[in-house]
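Data block below; observations after.
Protein chains: 2
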Amino acid sequence: MQTIEEIQKRIAEAFKEIEFRKKPGELYEPISYTLSLGGKRLRPALCLMACDMFGGDVEQAINPAIGIEIFHNFTLLHDDIMDEAPIRRGEETVYKKWNTNVAILSGDTMMALAYEYIMKAPESIRSEVFSVFNKTAIEVCEGQQYDMNFETQNNITIKDYIEMIRLKTAVLLAGSLKIGAMLAGADSEYCEALYRFGENLGIAFQLKDDLLDVFSDIEKFGKQTGGDIATNKKTFLYLKAFEKAEGETLTRLTHLFGNNDSDKISEVRKIYEELNIREETENEMKKYFDRAMDFIEIIPVNENRKSELIKFAQLLNRRES
Amino acid sequence: MQTIEEIQKRIAEAFKEIEFRKKPGELYEPISYTLSLGGKRLRPALCLMACDMFGGDVEQAINPAIGIEIFHNFTLLHDDIMDEAPIRRGEETVYKKWNTNVAILSGDTMMALAYEYIMKAPESIRSEVFSVFNKTAIEVCEGQQYDMNFETQNNITIKDYIEMIRLKTAVLLAGSLKIGAMLAGADSEYCEALYRFGENLGIAFQLKDDLLDVFSDIEKFGKQTGGDIATNKKTFLYLKAFEKAEGETLTRLTHLFGNNDSDKISEVRKIYEELNIREETENEMKKYFDRAMDFIEIIPVNENRKSELIKFAQLLNRRES
């Protein structure tokens, strides 16, 4: 068994070793830049931990894990164009630092590089790994499209929102875990259970992200805080607030999201506090987190083999950035 | 042996049969729209013809061929954003008809769908087919980046230009042929010869495209004519004209490309005619076309098995649109 720290060290090493082609620089510099910004390396960590949990050789999983992380970073590159996000991981986004065309094309190249690494999975399981990855990749695109659609749609329910974040965020965490389990040769039933663990954990993870966007600060969070409020993003917090708000509070909330007053963010925060939206979100997170735990419980491996993954899930649930 | 017409009919049928997921519509409608506009289906035709030439079963090649065509259409979607091209195949481009975000994300999804079809190659050769495809995909991105770089670079040589179009256009034709040959179980030496055939044919093909952009009309060509001149694109014609122009002609040419006079396109055309640029381009095309023929010649299959592919290459070379 490897600890979270050992897994993360191994991933960091692997990323340092990667050498992409150098030319044309305008294509490869943004790729190196993006991958060098780090981030939590959450998805490759989940992939390796899943492999390790089932007693697999994590070295067999390292390349597919890198592929997943490159894919994830590709989606960020393109999402940042679409969302007009200026900052990512405390640094300028690629489309801001270079330009939109560079971000489109570097992203496309990263997608191809992601497949290259995915396809380094051992031959006996390569096609199956590819299928899980590719289905996930398409679902991530669908999730992003729903996310964009919601910007101009007015009748979004919390259920719609959960389905959107399931596609946009959770399935890739789930797929990472499933691929790790597959690479360890786990039974398909338990690969699937781990997928469902990841799916529920992923929804909890995104709810935490939404919470941090409202209640965290920029130094810790690495991107603009209050951004979701500023852009009227229909997150769980937003939808829940509109569900609960009545009378004067509803009028104020509607006014705030319909205008761009200079105190918009702080005023919305106040209403969220009044309406206990923080607790509501934490309860919703807990619901998905507990479901995730139910799925990991049914996997018949020794409890101490599960401990690192469970610890990691708990860390994600409690993180402040 | 199948004729070009039979091959093209089979490809058209295959595209009609494809059913993508329907939701979200904003993601899948632009994909259906793009693929329904048709185009020459050049790359899948080359793939199937190569397979057929080596006596392979074209049905084994149909899915990878579709994958290549979907990939090609994905590159057009993203290129049209980057080149700000309003018309493609006589119709509005996706980013114009919808918007840039839709074009980015539909394109991304098409890329994933392309891989899905590529990976339907028979298992025994799947990884090899993937490798050829993926290397090609990355080179196509590199070619597009060079193309964009050249817009603001002033010391482009004809050699640089040929290398750019080799990457941006020729390698995908070459890869299509190679994959077709591989799927027929051809010896690697002959797969490679067919690749080189395609590479040289592809360069000739792009030179023809450049020629048509200047000397064709919009009804036949399906996109704006004179567009390369209007946007100062450093095509073979442009570079050759600057190489040959002297004195007064050079001054006029420099003026025309440095300004946007209303008669810019017709005036540049006149100078191209004066400098025999049409013939120069045709000679260059012939050089690459002849090289392509040298490569197909060394392949030891019966001449009548090569005839359809050679006929197809000649058609491409003589096309008016």
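Residue numbers (the working numbering), protein chains in the order written: chain U, 1 to 321; chain R, 1001 to 1321. Glycine included, each C-beta is placed from N, C-alpha and C at the ideal position.
Identify every residue that forms a DSSP beta bridge with residue i.
i, result
"R1088(R)", "E1091(R)"
Look at the Cβ atom of residue i, then the Cβ atom of residue j, and state whether they are nearer than 8 angstroms.
i, j, result
"I1156(R)", "L1253(R)", "no"
"T1075(R)", "V1140(R)", "yes"
"M164(U)", "Y146(U)", "yes"
"E1116(R)", "L1207(R)", "no"
"G1202(R)", "A1230(R)", "no"
"E1199(R)", "A1174(R)", "yes"
"I1296(R)", "K1306(R)", "yes"
"I1030(R)", "V1129(R)", "The question names Ile, but residue 1030(R) is Pro in the sequence shown. The answer is no: Cβ separation not under 8 angstroms."
"N1101(R)", "M110(U)", "no"
"L167(U)", "L46(U)", "no"
"I87(U)", "A103(U)", "no"
"D1289(R)", "A1193(R)", "The amino acid occupying residue 1289(R) in the given sequence is Phe; Asp does not appear at that position. No; because the gap between Cβ atoms is not below 8 angstroms, this pair is not in contact."
"D1079(R)", "Q1144(R)", "yes"
"Q1008(R)", "R1041(R)", "yes"
"P24(U)", "E1142(R)", "yes"
"F1236(R)", "I1179(R)", "no"
"G1067(R)", "A1114(R)", "yes"
"G1226(R)", "I1265(R)", "yes"
"R1278(R)", "F1197(R)", "no"
"I1271(R)", "T1249(R)", "yes"
"N1276(R)", "F1257(R)", "no"
"A1065(R)", "I1018(R)", "no"
"T136(U)", "L211(U)", "no"
"A112(U)", "I1004(R)", "no"
"F1020(R)", "S1032(R)", "yes"
"G1123(R)", "S36(U)", "It is Glu, not Gly, that sits at residue 1123(R) in the sequence shown. No; because the gap between Cβ atoms is not below 8 angstroms, this pair is not in contact."
Which residues of chain U have a Cβ atom closer than 7 angstroms to the Cβ of residue i, listed in chain order?
i, result
"Y1115(R)", "Y115, N134"
"P1024(R)", "E142, Q145, Y146, N149"
"A1186(R)", "Correct list: empty, because the minimum Cβ distance to chain U is about 22 angstroms."
Let me confirm a value: residue i is counted as buried when at least 16 other C-beta atoms fall within 10 Å, else exposed. Which label applies?
i, result
"P300(U)", "exposed"
"L172(U)", "buried"
"K1286(R)", "exposed"
"A241(U)", "buried"
"M1049(R)", "buried"
"N1063(R)", "buried"
"S106(U)", "buried"
"N1073(R)", "buried"
"D1052(R)", "buried"
"E243(U)", "exposed"
"L1183(R)", "buried"
"K234(U)", "buried"
"S188(U)", "exposed"
"V1309(R)", "First, the residue type needs correcting, since residue 1309(R) is Leu and not Val in the sequence shown. Classification of L1309(R): buried, given that the 10 Å Cβ count is 16 or more."
"G1055(R)", "exposed"
"I1158(R)", "exposed"
"E69(U)", "buried"
"D1057(R)", "exposed"
"L77(U)", "buried"
"D1213(R)", "buried"
"L1027(R)", "buried"
Taking residue i as the query, report the chain R residues whose CB atoms sit under 7 angstroms from its CB, ordered along the chain.
i, result
"N101(U)", "M1082, M1148"
"L27(U)", "C1141, E1142, Q1145"
"A204(U)", "Correct list: empty, because the minimum Cβ distance to chain R is about 24 angstroms."
Under 7 angstroms: does the beta carbon of residue i sit that close to some heavy atom of the ligand SAM?
i, result
"Q1145(R)", "The model on display carries no ligand, and the ligand SAM is accordingly not part of it."
Which residues in chain R have a C-beta closer than 8 angstroms to the C-beta of residue i? List them in chain order.
i, result
"L105(U)", "H1078, M1082, C1141, Q1144, Q1145, M1148"
"M119(U)", "S1127, F1130, S1131, N1134"
Output yes if chain A places a C-beta closer than 8 angstroms to the C-beta of residue i; else output no.
i, result
"E19(U)", "Within the model displayed, chain A is absent; protein chains U and R are what it includes."
Against residue i, what residues of chain R qualify as contacts under a CB-to-CB distance less than 9 angstroms, listed in chain order?
i, result
"T109(U)", "A1137, I1138, C1141, E1142, Q1145"
"A45(U)", "Neighbours of A45(U) on chain R: none; closest Cβ ~24 angstroms, over 9 angstroms."
Going along chain U, which residues have a C-beta under 8 angstroms from residue i?
i, result
"A1014(R)", "By Cβ distance, chain U contributes nothing, its closest Cβ being about 20 angstroms from A1014(R), past 8 angstroms."
Quick one, which residues of the stretch 1121–1154 of chain R are near chain U if we go by CB-CB under 8 angstroms, in chain order?
E1123, R1126, S1127, F1130, S1131, N1134, A1137, I1138, C1141, E1142, Q1144, Q1145, Y1146, M1148, N1149
Check each residue of the stretch 1064–1089 of chain R: if its Cβ is closer than 7 angstroms to any Cβ of chain U, include it; give the result in chain order.
H1078, I1081, M1082
Could you list the residues in the stretch 159–181 of chain U with a C-beta less than 7 angstroms from some C-beta on chain R, going in chain order?
none
Proximal residues, the stretch 47–66 of chain U versus chain R, C-beta separation under 7 angstroms:
none
Quick one: which residues of the stretch 290–315 of chain U get their C-beta closer than 7 angstroms to a C-beta of chain R? List them in chain order.
none
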